[in-house]
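Here's the structure, in structure tokens; my notes come after.
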Amino acid sequence: MSKHVEDSADYVVIGTGAGGATAARVLSATGASVILLEEGPSLAPEERALGLLDAMSQSLRDVATLATHSPAPMPLLLGRVVGGSTAVNSGIIWRLPDDVRAEWAAGHGLGELLEERALDAAFSRIEAELEIGEVAEDTRGGNGDLLKAGSDALGLTGRPIRRNARRCVGSARCLQGCPHGARQSMDISYVPRAIAQGARLHPLCRADRIELDRGRAGFVLGTQLTADARVACGTFRMHARRAVIVCAGAIHTPLLLWKSGVRKNVGEGYQAHPGAAVIGRFDHQVGMGFGATQAYEVPLRDRGMKIESISLPPELLAARLPGAGEEWQRSLRKLDYFAQFCAVIRMRARGRVRPSLFGSPQVRYEPLREDVATLKEGVALLVRLMFAAGAVEVLPGVAGVPERLTRAEQAELVLAEHVTRRDIHLMASHHFGTAAAGASPGHAVVDAQLQCHDVPGLYVMDASVFPSNLGVNPQHSIMAIAYRAAERLANVERPKLRSLPPPAAHASV
Ligand SMILES: Cc1cc2nc3c(=O)[nH]c(=O)nc-3n(C[C@H](O)[C@H](O)[C@H](O)COP(=O)(O)OP(=O)(O)OC[C@H]3O[C@@H](n4cnc5c(N)ncnc54)[C@H](O)[C@@H]3O)c2cc1C
Ligand code: SF4
Numbered sequence: 146m147s148k149h150v151e152d153s154a155d156y157v158v159i160g161t162g163a164g165g166a167t168a169a170r171v172l173s174a175t176g177a178s179v180i181l182l183e184e185g186p187s188l189a190p191e192e193r194a195l196g197l198l199d200a201m202s203q204s205l206r207d208v209a210t211l212a213t214h215s216p217a218p219m220p221l222l223l224g225r226v227v228g229g230s231t232a233v234n235s236g237i238i239w240r241l242p243d244d245v246r247a248e249w250a251a252g253h254g255l256g257e258l259l260e261e262r263a264l265d266a267a268f269s270r271i272e273a274e275l276e277i278g279e280v281a282e283d284t285r286g287g288n289g290d291l292l293k294a295g296s297d298a299l300g301l302t303g304r305p306i307r308r309n310a311r312r313c314v315g316s317a318r319c320l321q322g323c324p325h326g327a328r329q330s331m332d333i334s335y336v337p338r339a340i341a342q343g344a345r346l347h348p349l350c351r352a353d354r355i356e357l358d359r360g361r362a363g364f365v366l367g368t369q370l371t372a373d374a375r376v377a378c379g380t381f382r383m384h385a386r387r388a389v390i391v392c393a394g395a396i397h398t399p400l401l402l403w404k405s406g407v408r409k410n411v412g413e414g415y416q417a418h419p420g421a422a423v424i425g426r427f428d429h430q431v432g433m434g435f436g437a438t439q440a441y442e443v444p445l446r447d448r449g450m451k452i453e454s455i456s457l458p459p460e461l462l463a464a465r466l467p468g469a470g471e472e473w474q475r476s477l478r479k480l481d482y483f484a485q486f487c488a489v490i491r492m493r494a495r496g497r498v499r500p501s502l503f504g505s506p507q508v509r510y511e512p513l514r515e516d517v518a519t520l521k522e523g524v525a526l527l528v529r530l531m532f533a534a535g536a537v538e539v540l541p542g543v544a545g546v547p548e549r550l551t552r553a554e555q556a557e558l559v560l561a562e563h564v565t566r567r568d569i570h571l572m573a574s575h576h577f578g579t580a581a582a583g584a585s586p587g588h589a590v591v592d593a594q595l596q597c598h599d600v601p602g603l604y605v606m607d608a609s610v611f612p613s614n615l616g617v618n619p620q621h622s623i624m625a626i627a628y629r630a631a632e633r634l635a636n637v638e639r640p641k642l643r644s645l646p647p648p649a650a651h652a653s654v
């Protein structure tokens, strides 16, 4: 039966990912009332499905089938669950690089928002609250060990990844959501904390439109969804007395703004960190099923890329193996002997996000020629790293290159002129720039307070506001910038955050 819900608060926050949960955590700590709206379900760790496809269908938007509109579509991974993409991510933590901070301050007028001491304080507080630390040697796992061995052998500087998962037991299934509640994703940390501070969470509530109230953003209208988040079963109308804060992520925030009539510059400037992965077979068991999902990294920011170990669930690994029939079955028997590394590229290309005729996001994005050159260098390096780590064969997954390489020198084949963007399978899970922040209303969507240039009371606090990509994993920067923006919105530069008992492990409405 169709139902209708109405609620009212000082702030209505749309989306519970890195940006939304952090904004709610800061605002609710000031004593303000906060409503948190989330399209996806609220899942306790023990409610997460064990099978890969079931888990992906629970927590990933469109079961990971959303992709760019292109002759070579690039899948776009997004969480759609309480906690947003943080609920399914690998927990990698990096602060905003200094050169990006300087560029945004000087080139986009964001100096006050990014003021060094205040932003550093936000980073430090988040690091303390989300239990951030390096992956311990005993949970690095075979995959991480091999990337370390390969990078040491090639003379590259690698390091254990810093993550928000100090209690990780190495079950290598972050993509399915941590079943142990070990990773301090937003559903485990800031959402329950905001609720403990009085915030009201409405899961399975999709915001469809923002309406004005006496010239300010005042109402959020939307649809209630059934438990699988697929079928409409009601409507809602939420009243925001002070502000509406959109944190639906860089693909869906522009959609919501566009549908609400806010269109100037919206959806332009989409950027990503697309990545490609290579698998290698070893003559000994690697055991990708044990270890932190991502445990070791080789940052090569000056070369426009970052190399990471990334464990693959067996179902996805099996799907990556070439061949058919008996050949495929032989490979299947060796599943435990494979390792996987990926290269994540800081691409310069910019794309655009718009609603399609049916209201879903249409993302146009094509890597530039220089991006493809960096990508090919990255994939060739992955091949060399695998052999340097002792692989007996490497499967680059690049069309036009032999399926199985047996010597390190064959890495050069990936660099051949005939290898193009279409030959390399890309995927992106870091999205930016579709409601960019900047002092100039001519170029940006939101100002240095992250308030829409054109609509008072309407704020954006997620990865959409980043004027560019970063070249490092973004969740920490998103949280810190949302933290600062929420502090400034509440007009409490040094908020006296109420001293609270530790939040419950899980909470929902
Ligand atoms: C598989 C994967 C692995 C990753 N690994 C890492 C990593 O290790 N380290 C790192 O730094 N980053 C990682 N990322 C990226 C990181 O998680 C994101 O950059 C970050 O979470 C984005 O924050 P956000 O607030 O912009 O959006 P999100 O965290 O995506 O949150 C947006 C939320 O808004 C909700 N929403 C959307 N539209 C509506 C609507 N209309 N109404 C209500 N709710 C709505 C969505 O369901 C979602 O929950 C990864 C991402 C993925 C997908
Ligand atoms: S590797 Fe396993 S235990 Fe560790 S954070 Fe990821 S899902 Fe949780």
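Position one of the sequence shown corresponds to residue 146 (my numbering), numbered consecutively onward. Where a beta carbon is used, it is the ideal one built from N, C-alpha and C, also for glycine. Predicted model, so just to flag it, every value in this text is computed and none were measured.
Beta-carbon separation (whole angstroms), G545 vs D568, contact threshold 8 Å: 5 Å
Own chain partners of P640 with C-beta closer than 8 Å, once the 5 adjacent residues on each side are dropped: Residue placement at P640 cannot be trusted, given a pLDDT of 44 that sits under 50; the coordinates are not used to answer.
I623 versus G287: straight-line alpha-carbon distance, rounded: 31 Å
L527 and A488 closer than 7 Å at C-beta: With respect to A488, L527 sits close: the two C-beta atoms are nearer than 7 Å.
Paired residues, beta bridge with S622 - DSSP: According to DSSP, S622 bridges with nothing at all.
6 Å CB neighbourhood of I333 in its chain, flanking five on each side removed: G326
Beta-carbon proximity list for S202, same chain, < 6 Å, skipping 5 on both sides: Scanning its chain for C-beta atoms nearer than 6 Å, with the 5 sequence neighbours on each side dropped, one finds around S202 the residues V208, in chain order.
Proximity of A437 and V280 at Cβ, strictly below 7 Å: yes
Continuous alpha helix (DSSP H) assignments of at least 4 residues falling wholly in the segment 165 to 225: 197 to 204
Inter-residue Cα distance where the pair is K148 and L366: Cα to Cα, K148 sits roughly 14 Å from L366.
Nearest residue (CA-CA) to L502, options W403, I159, I340: W403
Inter-residue CB distance, L530 and F486 (contact presumed, cutoff 8 Å): With 8 Å as the limit, L530 and F486 qualify as a contact, their Cβ atoms being about 6 Å apart.
Given 8 Å, three or more beta-carbon pairs between the segment 314 to 321 and the segment 284 to 300: yes
Spatial neighbours of G196 in its chain, beta-carbon cut-off 8 Å, leaving aside the 5 residues before and after: none
Rounded C-alpha distance that separates R193 from V431: 26 Å
The segment 574 to 585 touching the segment 375 to 384, judged by at least three CB pairs closer than 8 Å: no
Cutoff 7 Å: V158 Cβ touching any chain D Cβ: The structure shown contains no chain D, having only a single protein chain.
Ligand 1 heavy atom lying under 6 Å from the CB of D607: yes
Distance, S613 Cα to L588 Cα: One point to set straight first is that residue 588 is His, not Leu, in the sequence displayed. Rounded to the nearest angstrom, the two C-alpha atoms are 13 Å apart.
Range covered by the alpha helix (DSSP H) that runs through A518: 514 to 533
Close Cβ partners of I271 (< 7 Å) along its chain, the five nearest in sequence each way excluded: H621, M624, A625, Y628
S653 in three-state terms, based on DSSP: At S653 the pLDDT is 29, less than 50, meaning the model places this residue with poor confidence and gives no usable figure here.
Spatially closest choice to M331 from E276, K451, E511, Q507, by CA coordinates: E276
Coarse secondary structure for V233, derived from DSSP in three states: Looking at V233 - three-state DSSP - the assignment turns out to be helix.
With 16 other Cβ atoms within 10 Å as the buried cut-off, status of E442: Classified as buried, E442 has 16 or more neighbouring CB atoms from the shown chains inside 10 Å of its CB.
Closest by C-alpha distance to A553, when choosing among R387, G278, I238, L299: L299
Span separating the alpha-carbon of L188 from that of R206: 15 Å
Paired residues, beta bridge with S316 - DSSP: The partner list for S316 (beta bridge, DSSP) reads G436.
Candidates F427, A417, C319, of which the one nearest Y510 by Cα: When each option's Cα is compared against that of Y510, the closest is A417.
Residues near F532 in its chain [Cβ-Cβ closer than 6 Å; skip 5 each side]: Taken in chain order, the residues that qualify are A553.
Inter-residue CB distance, R491 and M450 (contact presumed, cutoff 8 Å): Their Cβ separation, rounded to whole angstroms, is 7 Å, which keeps R491 and M450 in contact under 8 Å.
Whether V524 touches V559 by CB criterion (7 Å): In terms of Cβ geometry, V524 and V559 form a close pair [threshold 7 Å].
Sufficient close CB pairs (3 or more, under 8 Å) joining the segment 212 to 223 to the segment 588 to 601: no
Exposure label - H347; buried when at least 16 CB within 10 Å: The Cβ neighbour count for H347, taken over all protein chains shown within 10 Å, is at least 16; the residue is labelled buried.
Separation of L480 from Q200, as counted between CA atoms: In the sequence under discussion, the amino acid at residue 200 is Ala, which differs from the Gln named in the question. Distance between the alpha carbons of A200 and L480 is about 21 Å.
Member of S609, P619, A561, N618 whose CA lies at the smallest distance from the CA of A393: S609
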